[in-house]
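A short worksheet on the structure shown next.
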Amino acid sequence: MSNKLNAFEIAQRQLDKAAAILNLDPAVHALLREPLRELHVSIPVKMDDGSVKVFQGFRVQYNDARGPAKGGIRFHPEETVDTVKALAAWMTWKTAVVDIPLGGGKGGIICNPKEMSLGEQERLCRAYIDRVGRFIAPEIDVPAPDVYTNGQHMSWMMDEYSKLAGHYSPGIITGKPIALGGSAGRGDATARGGVYVTRQAAKYLKKDLKGASVAIQGFGNAGSFAATLFESILGCKVVAASDTKGGVYNPDGMDAKALSEYKLSNKTVVGFPGAKAITNEELLELDVDILVPAALEGVLTKDNADKVKASIVCELANGPTTPEADEILHKNGVFVLPDFLANAGGVTVSYFEWVQNNYGYYWEEDEVHEKLDTKISKAFWDVVAMREKYNVDNRTAAYLVSVNRVGEAMKWRGWV
Ligand code: GLU
């Protein structure tokens, strides 16, 4: 996106590194380096002023060897197909690392929802589904929310798909409101998964995280829930948070609930009482125990990775760290919980939502939390086993787990 490095090239480089370590079959490697399918659509939308604007959209099905493609739809003014391809690749590794029977996909529309009325957004959602409707299905490709999309967008998309299909089809999309077949526990699932993984990391590192300081870059859905859950589950204190407008820092800690409420009513964390103003860049370099990049890709680079003082980085965003930064962090002994492991809680509960939709029976929230903890904690230890076996960083270890699983499925299916 905004960074100079192409996200898809980064995703391919990460895969190449894992392939070399695994001595991967060249055909498996070649198939995993590119998406299986990608669809580009032009989407005409009637705007409120009567004009028609044509938006560009994408849906990429990266790999579906292990099950239907799965992954969110992003609305972003700087969206590119390469970013969507990278994110679809990361979804493939994400569903594999938590061992759920789904593949990886992603969608995106170049647009700025912040400058569109609700009516315009609804027409855009419906028109997008009209264009991609024959490409997706509950047993083919199941979208979900991502950057700048939410339960309302998912509801309109589900409704439009149901009209095309001619019957109620809740399993076409996840991240829906509870009233429309959403799952209990989906709202905070991405952040919760990150907190559960961090809890396992603390066990592995023999660290006590009670009172540990946390800085959160990006205070959207994942970031704000992370603040509350790092505080309530692990007893950490949130000392810094930021969003697109800037950041706030209070070394004594800020009340996570008050901060989330402040963000909700002021649309930014900037100006939170008792905290001093900092920039997004300064936040990344704070002397904290846990750093949580929870915004966009490409924020930890070769220019600032050396300045990261946190001992644990919990990547709730997709792709926040460039390969150069990765090497620096590893060399400096920073324990990175890589994105497709740390933020896999969202898709794991999406999977639970899809299962519940498919059999029409719904679980209590406690059950969802417990199942999520089991899945993602096991994934952490699977990654640790690879880390120790091959003496590699966590991201590479996570790739080794996932690439093996996807490669095995492709072999059994006879693709390679
Ligand atoms: N957009 C989220 C992610 O990147 C969730 C995807 C999903 O639930 O399918 O993991």
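For the sequence shown, our numbering assigns the number 10 to the initial residue and increments by one for each residue that follows.
Positions of the beta carbon are idealized from the N, C-alpha and C atoms, including for glycine.
* Would you give the residue range spanned by the alpha helix (DSSP H) that residue 348 belongs to? => 348-351
* To do: For residue 57, count neighbouring C-beta atoms within 10 Å of its own C-beta (all shown protein chains included) and say buried if the count is 16 or more, exposed if not.
  => exposed
* Asked: Which term fits residue 197, buried or exposed, when burial requires 16 or more other beta carbons within 10 angstroms of its beta carbon?
  -> buried
* To do: Starting from residue 35, follow the alpha helix (DSSP H) in both directions and report where the run begins and ends.
  => 35-41
* Where DSSP assigns a beta bridge to residue 115, which residues make up the other side? -> 69
* Indicate whether the contact test is met: 3 or more Cβ pairs, each with one atom in the stretch 131-145 and one in the stretch 167-175, closer than 8 Å. => yes
* Report yes or no: do three or more beta-carbon pairs, one from the stretch 286-296 and one from the stretch 268-278, lie closer than 8 Å? => no
* With distances taken between CB atoms, is the gap from residue 83 to residue 155 smaller than 9 Å? -> yes
* Asked: With respect to 8 Å, is the separation between the Cβ of residue 327 and the closest non-hydrogen atom of the ligand GLU below this value?
  -> yes
* Asked: What three-state label does DSSP hand residue 179 in the structure shown?
  -> helix
* Mind checking which residues open and close the alpha helix (DSSP H) that includes residue 91? => 90-106
* Asked: Are the Cβ atoms of residue 366 and residue 103 separated by less than 9 Å?
  -> no
* Which partner residues does residue 323 have in the DSSP bridge list? -> 346
* **Selected residue, minimal CA-CA separation from residue 206, among 92, 219 and 350** => 350
* In DSSP terms, what residue 82 is bridged to -> 116 and 154
* State the Cα-Cα distance for the pair residue 26 and residue 371, rounded to the nearest angstrom. => 41 Å
* Whose C-beta lies closer than 6 Å to the C-beta of residue 63 among residues of the same chain, with five residues either side of it excluded? -> 51 and 53
* Mind pulling the beta strand (DSSP E) runs of 3 or more residues that sit fully within the stretch 210-242? -> 222-226
* **Cβ-based burial, residue 403 [other Cβ within 10 Å; buried from 16]** => buried
* Three-state secondary structure (DSSP) at residue 415? -> helix
* Assign residue 152 to one of two classes, buried (16 or more other C-beta atoms within 10 Å of its C-beta) or exposed (fewer than that). => buried
* Compare the beta carbon distance of residue 408 and residue 111 with 9 Å and say whether it is the shorter of the two. => no
* To do: Return yes when at least one heavy atom of the ligand GLU lies under 8 Å from the C-beta of residue 155, else no.
  => yes
* **residue 385 - containing beta strand (DSSP E), residue span** => Note, residue 385: premise wrong, no beta strand (DSSP E); alpha helix (DSSP H) at 374-399.
* To do: Run the proximity test for residue 305: is its beta-carbon closer than 8 Å to any non-hydrogen atom belonging to the ligand GLU?
  => no
* Nearest-angstrom Cα separation, counted from residue 307 out to residue 12 -> Because the pLDDT of residue 12 is 44, which lies under 50, any placement of that residue in the model is unreliable, and the number read from its coordinates should be weighed accordingly. Answer to the nearest angstrom: the Cα atoms are 6 Å apart.
* Nonlocal neighbours in the same chain, by C-beta distance under 6 Å from residue 209, ignoring five residues either side -> 386 and 389
* Have a look at residue 48 and residue 93 and give me their C-alpha separation to the nearest angstrom. => 11 Å
* To do: Taking all protein chains shown into account, decide if residue 240 is buried (16 or more other Cβ within 10 angstroms of its Cβ) or exposed.
  => buried
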